[in-house]
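Its first residue numbered 1, the sequence shown is counted upward by one per residue in full-length UniProt numbering.
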Amino acid sequence: MADRGGAGKAVEKAVRTSGKTKDEERNDVVGLVISALLTVAGAGLTGFFSDKAATARLCVFPEDKAAACSTVVAGVPGVRMTCVGAPNAQGCINLVTSGRAELIHLQGEEQYLAGTSAKLVPLVSEFYGSSVGTSYFAVAVVDKAFCDQGAGKLTMASLKGARSCHTGYRKTAGWTVPVGFMVAQGIMPVVNSNGAVQTDAQSVASFFSETCAPRVTSDGPLRGGAAWDGLCTACQGNCSETGPYGDYQGSLRCLMEGAGDVAFIKETTVQDFAKGGPKAEDWSVKAAADLRLLCPAGGCATVDMYDSCNLARVPAYAFMATPAFRASTAGQAVATALVSASKAPAFLAKAVGAGLLTKDTKELRPEASSFEEYFGASTLAAYASMRKLTTTASNAPSAAPSANTASVGPLDASSVLVPMAAPSGGGAKGGLNGGAVAGIVIGVLAAVALLAGGVWALRRRSARRSGFSAYDTSKGAIGKDFSAPV
1 MADRGGAGKA VEKAVRTSGK TKDEERNDVV GLVISALLTV AGAGLTGFFS
51 DKAATARLCV FPEDKAAACS TVVAGVPGVR MTCVGAPNAQ GCINLVTSGR
101 AELIHLQGEE QYLAGTSAKL VPLVSEFYGS SVGTSYFAVA VVDKAFCDQG
151 AGKLTMASLK GARSCHTGYR KTAGWTVPVG FMVAQGIMPV VNSNGAVQTD
201 AQSVASFFSE TCAPRVTSDG PLRGGAAWDG LCTACQGNCS ETGPYGDYQG
251 SLRCLMEGAG DVAFIKETTV QDFAKGGPKA EDWSVKAAAD LRLLCPAGGC
301 ATVDMYDSCN LARVPAYAFM ATPAFRASTA GQAVATALVS ASKAPAFLAK
351 AVGAGLLTKD TKELRPEASS FEEYFGASTL AAYASMRKLT TTASNAPSAA
401 PSANTASVGP LDASSVLVPM AAPSGGGAKG GLNGGAVAGI VIGVLAAVAL
451 LAGGVWALRR RSARRSGFSA YDTSKGAIGK DFSAPV
C-alpha cells in the first residue's frame, strides 16, 4: 500500500491514543479538519487584505519618469508603492478616476482641473517650512522707491504702463493669480485682437509697457503652443523658462537688475534671495528693507507683512486622490507612510531628484480638507477669472481662430492638458495579486490533503474496531478483504 502521508499519520495517532468512542473520534477528526480549513482560509484572507491595504500606484507624467519614480517610492516604509506613467496631468487624472492609479502629484492649475472636473482631494501636501504651513502667498514686489513716489496712493491700477516680471506664463503665483485678480477687479482690460495669441497674453502685454514671462505651455502664449515676443520684451534677450529671469528667483532678479518694476512671486522668495538672505546670489544687490509689497487694497507694506498684503494664499503642491481612497484604510496607510518617509533627508533628496517633490519641500503633511478649502477662495476666484478670459476669447468675433487653432484658455481640460486615451482592455481596479493567489491555492491544497488524511485515518480506525485489517504487517500480505461480508 502507498504511504498515506504525514497528515494522515498524525491524525491516526491522535485518535488511536484518545481512548474515545468511534463517534467521538469521528467528531474530533471532523472538528480538527474544519479548524484547519478555517485557519488556512483565515491566514490567506488576512494576507490578502493586509496586502491590499498597503498598496498604491502613483501616476507621473510624462511616462519616462515612471522608472525613476518606482525606484524612489520603493523606499517608502510600510506600504507597497509603484509608479505608472501618462503623457500629461490629464492622462494621470484619467487613470486615477478610472481606478488604474491611486495618486497624482499636482500644482495649482493641475489641482484646479483635478478638483473641479474630477473631484479629487488632497491626500498629503508639501510643507515649505513657512509659518503658513502647506501653502504660500502670491505677492507683488516693488522697489521701496516706487512706493515712496506714490505718496501712499498706490494701487494695483498704478502698475498700468509699468514693466512686469513673471515667474512664467500661466504659472500660479507669477501669472494666474495676479492676472486673474486684475481682470476680475476690472484693473486689466481684456484684449483679444489677435486670433493667433491667447487672450491672457494679449491682455498682459497691453497693460504693461514691457513684460518678461518665460515659459511655453501646450497651447500658449501663441495658440498651438509656441513662444510670443510680446511676453519677452523685458527678458534681456533670453525668454526661456530656464533662463536668468525664469521661475521665482529669476522674477526677483528681473526686478533687482532693473529690467522690471514689479515682480510677481511668493513671499519666501524675497526672504531667501534678497541681499544677505540664505540663498543670496551675485545679482542679489538689494536687501529686503529696500523692497516693498504692493497691496491689493492699496498702499505698500514691508516684505514681512505678506499675511495681510497679498494677492492670494496659494495651495502647495499636493498628492491628490479620490475621496474614497483617502477615506480608506489603504489611503490612510499611504498618507502616513509618505509623511514618515519625508522626514528622512535621503528620501527627500531622491524624491526631488526624480521630480516627485519640489526643491523647497521640507516635509509632507497629511490633508483632510475638501478641495475648495485646500485651494482657497481667493485662488479659486483667480482661476474663475481666467476662465472668463477663455469665454471672452471663444465668443469674440475678432478673435475667431482658424479650424486648426485651439480657442480655449488655461483652464480647459482639452487645451491645457491633453486627455490620454484610455488603454484597451480595461485596467483592473483591484483584485488578487500573484502572491495572494499563490498563498490561497497552497492553503487550499494543504487543507484538502489534511482532510483526506483525516478521513483515511478515521476509516482505518473504524475498520480495526470491526475486526478488519487493511494490511497485516506480520505476514506481509492482505489479511482480510474489505468486500467480504461481515
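Think of the CB as a built atom: it goes at the ideal place given N, C-alpha and C, for glycine as much as any other residue.
(message) If the criterion is Cβ atoms closer than 8 Å, does the pair K171 and R223 meet it?
(response) Sequence index remark: in the sequence shown, residue 171 carries index 171 (1-based). Sequence index remark: in the sequence shown, residue 223 carries index 223 (1-based). Contact annotation: K171 and R223 have beta-carbon atoms that are not nearer than 8 Å.
(message) Quick check: the Cα distance between A234 and G331, rounded to an integer number of angstroms?
(response) Taking the first residue of the sequence shown as 1, we reach residue 234 at position 234. Taking the first residue of the sequence shown as 1, we reach residue 331 at position 331. So the two alpha carbons sit approximately 47 Å from each other.
(request) Return the chain-ordered ranges of every alpha helix (DSSP H) run that is complete within the region 114 to 164 and spans a minimum of 4 residues. (result) 144 to 150
(request) With a floor of 4 residues, list each alpha helix (DSSP H) that falls wholly inside the region 211 to 287, ordered by position along the chain. (result) 247 to 256, 267 to 273
(message) Can you tell me whether G186 is buried or exposed? The criterion is at least 16 other CB atoms within 10 Å of its CB, across all chains shown.
(response) Here residue 186 refers to the residue found at position 186 of the sequence shown. Looking at its Cβ environment, which holds fewer than 16 other Cβ atoms inside 10 Å, G186 is exposed.
(message) Residues in the same chain with beta-carbon distance under 7 Å from N404, minus the five sequence neighbours each way, listed in chain order, please.
(response) The residue labelled residue 404 in the question sits at position 404 within the sequence shown. The predicted position of N404 is uncertain, since its pLDDT is 30 and thus under 50; no value can be drawn from it.
(request) With DSSP as the reference, label M420 as helix, strand or coil. (result) Along the sequence shown, one-based indexing puts residue 420 at 420. Low confidence applies to M420: its pLDDT is 31, below 50, so where it sits in the model is not reliable, and the reading given next is rough at best. The answer is coil: DSSP assigns M420 none of H, G, I, E or B.
(request) Going by DSSP, name the residue or residues bridged to residue 487. (result) Since the first residue shown for the chain is 1 and the last is 486, residue 487 is missing from the structure and cannot be characterised.
(message) So, at 6 Å on beta carbons, what are the nonlocal neighbours of I104 in its own chain, with the 5 sequence-adjacent residues on each side left out?
(response) Numbered from its first residue, the sequence shown carries residue 104 at position 104. Taking C-beta separations shorter than 6 Å and ignoring five residues to either side along the sequence, the partners of I104 in its chain run C59, C92, V96, M320, following chain order.
(message) Let me make sure I understand the geometry here. Which of A297, F273, P278, K279 has the alpha-carbon closest to that of D290?
(response) The count along the sequence shown starts at 1 and reaches residue 290 at position 290. Here the closest residue by C-alpha is F273.
(request) Compare the Cα-Cα distances from F375 to each of A316, M156, V139 and report the closest residue. (result) Working through the sequence shown from its first residue, we reach residue 375 at position 375. Of the candidates A316, M156, V139, the one whose C-alpha sits nearest the C-alpha of F375 is A316.
(request) Label N64 either buried or exposed according to how many other C-beta atoms from any shown protein chain fall within 10 Å of its C-beta, with 16 as the threshold for buried. (result) Locating residue 64 in the sequence shown gives position 64, counting from the first residue. Here the sequence assigns Asp to residue 64, which means Asn is not the residue at that position. Exposed, by the Cβ-count rule.
(message) Are the CB atoms of F146 and A306 within a distance shorter than 8 Å?
(response) For the purposes of this step, residue 306 is taken as the residue at position 306 of the sequence shown. For the purposes of this step, residue 146 is taken as the residue at position 146 of the sequence shown. Here the sequence assigns Tyr to residue 306, which means Ala is not the residue at that position. In this structure, F146 does not lie closer than 8 Å to Y306 by Cβ.
(request) Determine, using beta carbons only, whether G133 and R365 come nearer to each other than 8 Å. (result) If you number the sequence shown from 1, residue 133 lands on position 133. If you number the sequence shown from 1, residue 365 lands on position 365. In contact: G133 and R365 (Cβ atoms closer than 8 Å).
(request) Please look up how many angstroms separate the CB atoms of P87 and A337, rounded, as I've assumed it's under 8 Å. (result) In the sequence shown, residue 87 corresponds to position 87, counting from 1. In the sequence shown, residue 337 corresponds to position 337, counting from 1. Actually they are not in contact, since the Cβ atoms of P87 and A337 sit about 28 Å apart, beyond 8 Å.
(message) Closer than 8 Å is the cut-off here; do at least three beta carbon pairs connect the region 240 to 258 with the region 163 to 177?
(response) These segments touch.
(request) State the DSSP-derived secondary structure class of P189, mapped to helix, strand or coil. (result) Here the question's residue 189 lines up with position 189 in the sequence shown. Residue state, collapsed to three classes: coil.
(message) For the structure I just gave you, are there three or more beta carbon pairs, one from the region 173 to 190 and one from the region 375 to 387, closer than 8 Å?
(response) yes
(request) Would you kindly check if the distance between the Cβ of A354 and the Cβ of residue 488 is under 8 Å? (result) The chain is shown only over 1 to 486; residue 488 falls outside these bounds and no answer can be derived.
(message) Which runs of the beta strand (DSSP E) at least 3 residues long sit entirely within the region 289 to 370? Give them in chain order.
(response) 291 to 294, 312 to 315, 318 to 321, 363 to 366
(message) Considering Cα atoms alone, identify which of A89, M256, A335 is closest to Q107.
(response) Locating residue 107 in the sequence shown gives position 107, counting from the first residue. Among A89, M256, A335, the Cα nearest to that of Q107 belongs to A89.
(request) Look up T167 in the DSSP assignment and say whether it is helix, strand or coil. (result) Against the sequence shown, residue 167 aligns to sequence position 167. The three-state secondary structure of T167, taken from DSSP, is coil.
(message) Considering Cα atoms alone, identify which of K275, L113, F61, T116 is closest to A101.
(response) In the sequence shown, the residue the question calls residue 101 occupies position 101. Among K275, L113, F61, T116, the Cα nearest to that of A101 belongs to F61.
(request) Out of T82, V79, V124, state which residue places its alpha-carbon closest to the alpha-carbon of L357. (result) Numbered from its first residue, the sequence shown carries residue 357 at position 357. Selected option, being the one with the closest Cα: V124.
(message) Using only the alpha-carbon positions, how far apart do I265 and L311 sit?
(response) Counted from its first residue, the sequence shown places residue 265 at position 265. Counted from its first residue, the sequence shown places residue 311 at position 311. Distance between the alpha carbons of I265 and L311: 10 Å.
(request) Between the Cα of T269 and those of M81, A118, Y128, spot the shortest distance and give me the residue it belongs to. (result) Along the sequence shown, read from residue 1 onward, the residue named residue 269 stands at position 269. Considering only alpha carbons, the answer is Y128.
(message) Quick check: the Cα distance between A333 and A201, rounded to an integer number of angstroms?
(response) In the sequence shown, the residue the question calls residue 333 occupies position 333. In the sequence shown, the residue the question calls residue 201 occupies position 201. Those two C-alpha atoms are separated by around 44 Å.
(request) Report the rounded CA-to-CA distance for S158 versus R57, giving the unit in angstroms. (result) For the purposes of this step, residue 158 is taken as residue 158 along the sequence shown, with counting starting at 1. For the purposes of this step, residue 57 is taken as residue 57 along the sequence shown, with counting starting at 1. Those two C-alpha atoms are separated by around 49 Å.
(request) Quick one: grab the DSSP three-state call for S414. (result) Position 414 of the sequence shown, counted from the first residue, corresponds to residue 414. Interpretation of S414 is limited by its pLDDT of 29, a score under 50 that renders its predicted location unreliable; the figure taken from the coordinates is listed afterwards. Correct three-state label for S414: helix.
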